[in-house]
Amino acid sequence: MDLSFLPSFPLPLSYPLLFGVLLVAGMLGGEMARAARLPRIIGYVVVGFVVAPLTQAMGLEPLIERARILVDLALGLALFDLGRRMDLQWMKRDWTLAAAGLAEALLAFAAVLWCLLALGFSAVNASIVASICMATSPVVVMLVVQDDKAEGQVTERVLNLVALNSLLASILTTILLASAHLESRMAVETALLHPAYLFMGSVLLGGAIAACARFVARAVEKTADLHFTLIAGMVVGAVGLSVILRLSVILTLLAFGLFTRNDARKYDVLDVSLAPASRLLYIVLFVITGASLPPSALLTGAAAGMALAGARLAGKLAGAFAFSLLGGLRARQAAGLALGLAPVSTLALMLYYGVARQFPGFADEVEAAFLSMVIVMEVLGPIATQWGLRLAGETVPEPAATGHAARADLAGDA
Amino acid sequence: MPLDFKRSNPLTMGVELELMVLNTHNHDLVRGAPDLLARLEKVRMQGEVKPEITESMIEVNTSVNETYDGLLAELVDVRDAIVVAAGRLNVEVAGGGAHPFHKWTERRIFPTERFQRVSALYGYLAKQFTVFGQHIHIGVESGDDAIYLTHHLAPLIPHFIALSASSPFSQGEDTSFETSRLHAVSAFPLSGQLPPVNTWAEFNRYFDEMRGYGIVESMKDFYWDIRPKPEYGTIEIRVCDTPLTVDLAAQLAAYAQTLAAELLRNRRHEPVQPMYRVYGYNRFQASRFGFEGELVDPFRTRHLRIREDILETLERLAPFAAELGTAVPLMALAALAAREANDSRWLRECHQETGSLPDVVRLQAQRWRTDPAPREAAQAGARAMQ
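Each protein sequence line maps, in turn, to chains A and B. Using my numbering, the first residue of the first sequence is number 1277, and each one after it goes up by one. Using my numbering, the first residue of the second sequence is number -4, and each one after it goes up by one.
Here is the structure:
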């Protein structure tokens, strides 16, 4: 009997299956978190923690590397969306906004660097980790904003500052690659050329794709449907090109978004919302991120990780709070804004893996501490952002009264 | 207790303008009013800027002005102050009677006690009331004059509708109306017109009766097209869409002022009932067709295009305009009517050109910022000319 029509064992990995299972599981986790009055993201990540042993058993570890393309797509989409919200004109009109962005990023860098040096880490590795720690997770902030329907000054400012610190962290990490190259005794030319290629290449590619998007946009009718399709296609294409050219997906897509918004011809491409579609990718992204974080890191790195998280948060809070007050925000708003910048997630992980892949020595030294910090912040970050936006009064208030109660009130008035 | 009518100088005027607060990325309405108002509190200016029912609206109230020139200068000053504050917050402000594509479900009620109560009572009507109107106040000496003017301005309400119309789009669609905003007002149970009373004393009896039923507490509860405003000593015309420029807002006020002057000098004695029998029809014609609408004149049983009626009226007002210093704005309105170039037409042309409603809103915000040129720029230009 010929049984060749049956699948052969062991069953090969199927990406559609993986995507589907992680999506539905993540969604359910998110709703459970919601029921517990926590941000949905925490649910997605916890599903990842639970899934991790399963993927290990299936030999899919490390999941974040196996499903790299999904991660790149989700992160690329988020960074494009964020770049599109960053308004350089605004920063020109209100210098305190740019100043708050620089201050919170640099103070976070300094605080983390000081902390790691005090804990006895090497200067080069400590400075790379410090530069990664400047970044706030774009996806966490955007999803909390969506879920709580946050709208207003603080929300807009947080999104702009997240774009700015993602940009600064990506650039500084790329530059610091040079010193890591040098320390590992690579030729000087390579040490300088690699970061230069990553930076210039990514920005140029982002700019070229933005120009291309505008060109196509002018050729079609200006409806939300068509422009959504255009943007989705361009974002996926940009991620693909960036991967093929071995550039930085993060920088390319951030540049694409920035050029789309801050160009003289910026009105060619409609600013359509990507929200319902992008959530599919983001849910899977967080499940994968959760699954790729080894809880074992906490065994050796918990203390250092907590110190790292504390130093980073202190730097961010001080910088953002001080300059936001100076910019005319009320104290509650300034505090809310500063808290909003807390999350750390996939962007930082991808920057970390980008360095670790090339320098195993880097990973050996900092992995436990860094991953511990990320694990802690995966849970605390979304809560901090949610509190922050609530403190600023920009989320939709909980429904206070039902229709009946309202009518009773009015009857009382009359 | 009867409503006291506060005496004020006749023919003084003031304007209220409701304005939209927009984000700068897709030009949808945004929850920007609280921060904008907090900033404007620190700016010294005549008049004031106040919250409105939802957090995407602000309302400008001018001080009492004697002349068109004074009113326009004040409006330009307030406009410039708002533009500077909005720039720092990265929001935009614009005129126009309705936002072309916002979703009313996304609006949030401004957290003051009165607005929360209105919202609890009227449900979704409150959020749908995110529309933007211009109210014109004209000072009168007595309650009796207020009643007289309120009645005899009523036949001219279609003029104000056609001249100010700036809300052709609603919820993402072209409504085919020149103004879609007035429908949001008509939905309220206390919209409509003044009842056929002839004196302030008669009105007081009507008001007491309504208060006795528990239907109203103050004049604020009547959402009429024109109403007496006893606490200010004015009559208030409430049908105008907020124009796209402060220029047109001041011109409309000048028109109301000149009309009132003429009506007070050449007193009319026609009965009011026949005017109100055709009122709804005429109002619809103006909302739907603008200048091309057809008016019914109940006393001469004839039909007349709104455009012709406006032009005839403006001609009749010329001597009064010369006295009041409103000849220039009235000429501008005549030109506007003759070309049928109201703001709704401008908005539709923008839509045709750009093909997208977000672009229309962007252009209307730009027009509000720059037309007429900001005071400082205008002064710098004048210096350069010398």
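From the three backbone atoms N, C-alpha and C, an ideal C-beta is built for every residue, glycine too. Keep in mind the model is a prediction, meaning the values are calculated, not measured.
Helix or strand or just coil, what does DSSP make of B/Thr229? By one-based count along the second sequence, residue 229 of chain B stands at place 234. Strand at B/Thr229.
Report the rounded CA-to-CA distance for A/Leu1546 versus A/Ser1524, giving the unit in angstroms. For the purposes of this step, residue 1546 of chain A is identified with residue 270 of the first sequence, where counting begins at 1. For the purposes of this step, residue 1524 of chain A is identified with residue 248 of the first sequence, where counting begins at 1. The alpha-carbon atoms of A/Leu1546 and A/Ser1524 are separated by roughly 26 Å.
Runs of alpha helix (DSSP H) wholly within the segment 328 to 361 of chain B (minimum 4 residues, chain order): 338 to 349
Rounded distance between the beta-carbons of B/Ala333 and B/Leu306, thought under 8 Å: For this step, residue 306 of chain B is matched to residue 311 along the second sequence. For this step, residue 333 of chain B is matched to residue 338 along the second sequence. Indeed they touch by this definition, with Cβ atoms about 7 Å apart.
Step through the CB atoms of chain A and report whether any lies within less than 9 Å of the CB of B/Arg295. The sequence position of residue 295 of chain B within the second sequence is 300, counting from 1. No, because no Cβ of chain A sits closer than 9 Å to the Cβ of B/Arg295.
Along the segment 348 to 378 of chain B, where does the CB come closer than 9 Å to a CB of chain A? Name the residues. Thr349, Gly350, Ser351, Pro353, Asp354, Arg357
Which class does A/Cys1409 belong to by DSSP, given the choice of helix, strand or coil? In the first sequence, the residue the question calls residue 1409 of chain A occupies position 133. A/Cys1409 falls in the coil class under three-state DSSP.
Listed by chain order, chain A residues near B/Asp30 by CB distance under 7 Å: Here residue 30 of chain B corresponds to residue number 35 of the second sequence, with the count starting at 1. Per Cβ cutoff of 7 Å: Gly1428, Gln1429.
May I ask which residues mark the beginning and end of the alpha helix (DSSP H) holding B/Ile305? Locating residue 305 of chain B in the second sequence gives position 310, where the first residue counts as 1. It spans 301 to 319 - the alpha helix (DSSP H) in which B/Ile305 sits, taken as one unbroken run.
Any residues in the segment 1361 to 1372 of chain A with a beta carbon nearer than 7 Å to a beta carbon of chain B? Which ones, in chain order? Arg1361, Asp1363, Trp1366, Arg1369, Asp1370
Scan the segment 12 to 26 of chain B for residues whose Cβ lies nearer than 7 Å to a Cβ of chain A and list them as they occur along the chain. Thr19, His20, Asn21, Val25, Arg26
For A/Gly1612, decide whether its Cβ has a neighbour in chain B, counting only Cβ atoms nearer than 9 Å. Along the first sequence, read from residue 1 onward, the residue named residue 1612 of chain A stands at position 336. Closer than 9 Å: no.
Roughly how many whole angstroms lie between the Cα atoms of A/Tyr1558 and A/Phe1295? Position 282 of the first sequence holds residue 1558 of chain A. Position 19 of the first sequence holds residue 1295 of chain A. If you take the alpha carbons of A/Tyr1558 and A/Phe1295, they lie about 11 Å apart.
Interface partners of B/Arg39 on chain A, CB under 9 Å: Counting from one through the second sequence, the residue named residue 39 of chain B turns up at place 44. The premise fails here: B/Arg39 is roughly 16 Å from chain A at the closest Cβ pair, so nothing lies under 9 Å.
What's the C-alpha gap between B/Asp220 and B/Phe279? As a first step, residue 220 of chain B must be located in the second sequence, where it is residue number 225. As a first step, residue 279 of chain B must be located in the second sequence, where it is residue number 284. Looking at the two C-alpha atoms, the distance is approximately 13 Å.
Check whether the Cβ atoms of B/Thr308 and B/Leu189 lie closer than 9 Å to each other. As a working mapping, residue 308 of chain B is identified with position 313 in the second sequence. As a working mapping, residue 189 of chain B is identified with position 194 in the second sequence. No; because the gap between Cβ atoms is not below 9 Å, this pair is not in contact.
Burial state of B/Asp30, where buried means 16 or more other Cβ atoms lie within 10 Å: Taking the second sequence and counting its residues from 1, one reaches residue 30 of chain B at position 35. B/Asp30 should be labelled buried.
How would you label B/Glu23, buried or exposed, when you count the other beta carbons within 10 angstroms and need 16 or more for buried? Locating residue 23 of chain B in the second sequence gives position 28, counting from the first residue. The sequence shown places Asp at residue 23 of chain B, not Glu. With 16 or more other Cβ atoms within 10 Å, it is buried.
Does B/Gly207 have its Cβ less than 9 Å from a Cβ in chain A? In the second sequence, counting from the first residue as 1, residue 207 of chain B sits at position 212. No, because no Cβ of chain A sits closer than 9 Å to the Cβ of B/Gly207.
I believe A/Pro1619 touches A/Thr1431 by the beta-carbon criterion, under 8 Å. Please report the beta-carbon distance rounded to the nearest angstrom. Taking the first residue of the first sequence as 1, we reach residue 1619 of chain A at position 343. Taking the first residue of the first sequence as 1, we reach residue 1431 of chain A at position 155. About 14 Å separates the two Cβ atoms, so there is no contact after all.
Of all the options A/Arg1494, A/Ala1445, A/Thr1565, which has the alpha carbon lying nearest to the alpha carbon of A/Lys1542? As a working note, residue 1542 of chain A is residue 266 in the first sequence. Considering only alpha carbons, the answer is A/Arg1494.
On the premise that B/Ser162 lies in contact with B/Ser175, defined as a C-beta separation below 8 Å, what is that separation, rounded to the nearest angstrom? The count along the second sequence starts at 1 and reaches residue 175 of chain B at position 180. The count along the second sequence starts at 1 and reaches residue 162 of chain B at position 167. That belief holds up - the Cβ atoms of B/Ser175 and B/Ser162 are roughly 5 Å apart, short of 8 Å.
DSSP state of A/Arg1537, grouped into three classes? Working through the first sequence from its first residue, we reach residue 1537 of chain A at position 261. Helix.
How should B/Pro(-3) be labelled, buried or exposed, when 16 other C-beta atoms within 10 angstroms of its C-beta is the threshold for buried? Translated into the one-based positions of the second sequence, residue -3 of chain B becomes position 2. By the neighbour-count rule (16 or more Cβ atoms within 10 Å), B/Pro(-3) is not buried but exposed.
State the Cα-Cα distance for the pair A/Leu1630 and A/Thr1466, rounded to the nearest angstrom. Indexing the first sequence from 1 puts residue 1630 of chain A at position 354. Indexing the first sequence from 1 puts residue 1466 of chain A at position 190. A small correction: the amino acid at residue 1630 of chain A is Gly; Leu does not occupy that position in the sequence shown. Approximately 16 Å, taken between the alpha carbons.
What residues match up with B/His130 in a beta bridge as DSSP calls it? The sequence position of residue 130 of chain B within the second sequence is 135, counting from 1. Answer by DSSP bridge pairing, in chain order: B/Glu11.
For chain B, find out if any of its Cβ atoms is closer than 9 Å to the Cβ of A/Ser1442; answer yes or no. Start at 1 with the first residue of the first sequence, and residue 1442 of chain A comes out as number 166. Cβ-Cβ to chain B under 9 Å: no for A/Ser1442.
Kindly list the residues whose CB is nearer than 6 Å to the CB of A/Ala1406, restricted to its own chain and excluding five residues on each side of it in sequence; keep chain order. For this step, residue 1406 of chain A is matched to residue 130 along the first sequence. Hits under 6 Å: Phe1385, Val1388, Leu1389.
Taking any Cβ of chain B, which residues in the segment 1573 to 1594 of chain A have a Cβ under 9 Å from it, in chain order? none
Within a Cβ cutoff of 6 Å, which residues of the same chain sit near B/Pro353, ignoring the five residues on either side of it in sequence? In the second sequence, residue 353 of chain B corresponds to position 358, counting from 1. Closer than 6 Å at Cβ, skipping near neighbours: Asn21, His22.
Would you call the CB atoms of A/Leu1529 and A/Ala1508 closer than 9 Å? Taking the first sequence and counting its residues from 1, the one referred to as residue 1529 of chain A is at position 253. Taking the first sequence and counting its residues from 1, the one referred to as residue 1508 of chain A is at position 232. Not a contact, by the Cβ cut-off of 9 Å.
List the residues of chain B that A/Leu1546 touches, going by C-beta distances under 9 Å, in chain order. Residue 1546 of chain A sits at position 270 when you count from the first residue of the first sequence. Per Cβ cutoff of 9 Å: Asn21, Ser351, Pro353, Asp354.
CB B/Asn85 to CB A/Asp1370, shorter than 9 Å? As a first step, residue 85 of chain B is located in the second sequence; it is residue number 90 there, counting from the start. As a first step, residue 1370 of chain A is located in the first sequence; it is residue number 94 there, counting from the start. Taking 9 Å as the Cβ cut-off, B/Asn85 and A/Asp1370 qualify as a contacting pair.
Look at B/Ser165 and B/Arg103 and say whether their C-beta atoms are less than 9 Å apart. Here residue 165 of chain B corresponds to residue number 170 of the second sequence, with the count starting at 1. Here residue 103 of chain B corresponds to residue number 108 of the second sequence, with the count starting at 1. It is not a contact, given that the beta carbons lie outside the stated cut-off.
In chain order, what are the residue ranges of uninterrupted beta strand (DSSP E) at least 3 long that sit wholly in the segment 29 to 111 of chain B? 43 to 46, 52 to 56, 86 to 89
Which residue's Cα is closest to the Cα of A/Leu1443: A/Ser1460, A/Pro1414, A/Thr1499, A/Leu1298? Numbered from 1 along the first sequence, position 167 holds the residue referred to as residue 1443 of chain A. Minimum Cα distance to A/Leu1443 is reached at A/Pro1414.
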